[in-house]
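Notes follow the structure.
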Amino acid sequence: MTWDDLVDYYIGQVGIDPDKFWQNTWRENQLLGESHTIKINLQWEQTRYLATLIHNVNVGKKSQMIKPEKLLPLPQDVFLKKLKAQPKSTPKQFEDFMKQVRKAQSGDKISIVNFAKETLK
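Sequential numbering of the sequence shown, starting at 918, is according to our numbering.
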C-alpha cells in the first residue's frame, strides 16, 4: 500500500478534509476510517432488511419467507456468526444469577446495586 492509496482512501472515500488529514494523528485517521466503514456496513444492513421485508410481505406461503442473511450475504456476516457462536455468559454466571432471582422471589430484599455486583462477579 502506498501513500497515494492511503490519501486516496482517507480523503477520497472517507471524506476527511485534506488539511484535517495531515493534522490528525495516524490513530485519529484510522478511527475515522473505521467509523466510515461501520456506517457503510449499517447502510447495507438496512438495505438488506428492507429488501427482505418487501420480499417476505409478498410471498404466498410462510415457507417461502427468507432471512436477510440468505437474501443478500454481506462481508460482515462472518464476524456476526462468530459473535453469535460465543456464549453470552458462563454456566457459573447463570447459576449465580438464578440464585439472586430465587433470593428476590423469596421475599429477601436486595438492592439493584448489590444484585448487579453479585451477578457480575
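For every residue, glycine included, the Cβ atom is placed at its ideal position computed from N, Cα and C.
Fair warning: this is a prediction, and the values are worked out from it, not measured in the lab.
Check	Outcome
Own chain, CB closer than 6 Å to LEU991, minus 5 neighbours either side, in chain order	TRP961
Assigned exposure category for ASN975 - 16 Cβ within 10 Å defines buried	exposed
Opening and closing residue of the alpha helix (DSSP H) in which TYR966 lies	943–974
Counted within 10 angstroms of its Cβ, other Cβ atoms place ILE955 as buried (16 or more) or exposed	exposed
Alpha-carbon spacing of PHE1011 relative to GLY1024, whole angstroms	20 Å
GLY950 vs VAL931 beta-carbon contact at 8 Å	yes
Inter-residue spacing [alpha-carbon to alpha-carbon] between LYS1016 and LYS1009	11 Å
Where the alpha helix (DSSP H) containing MET1015 begins and where it ends	1008–1022
The alpha helix (DSSP H) enclosing LEU997, as first and last residue numbers	994–1002
Reduced DSSP secondary structure (H/G/I, E/B, other) of LEU988	helix
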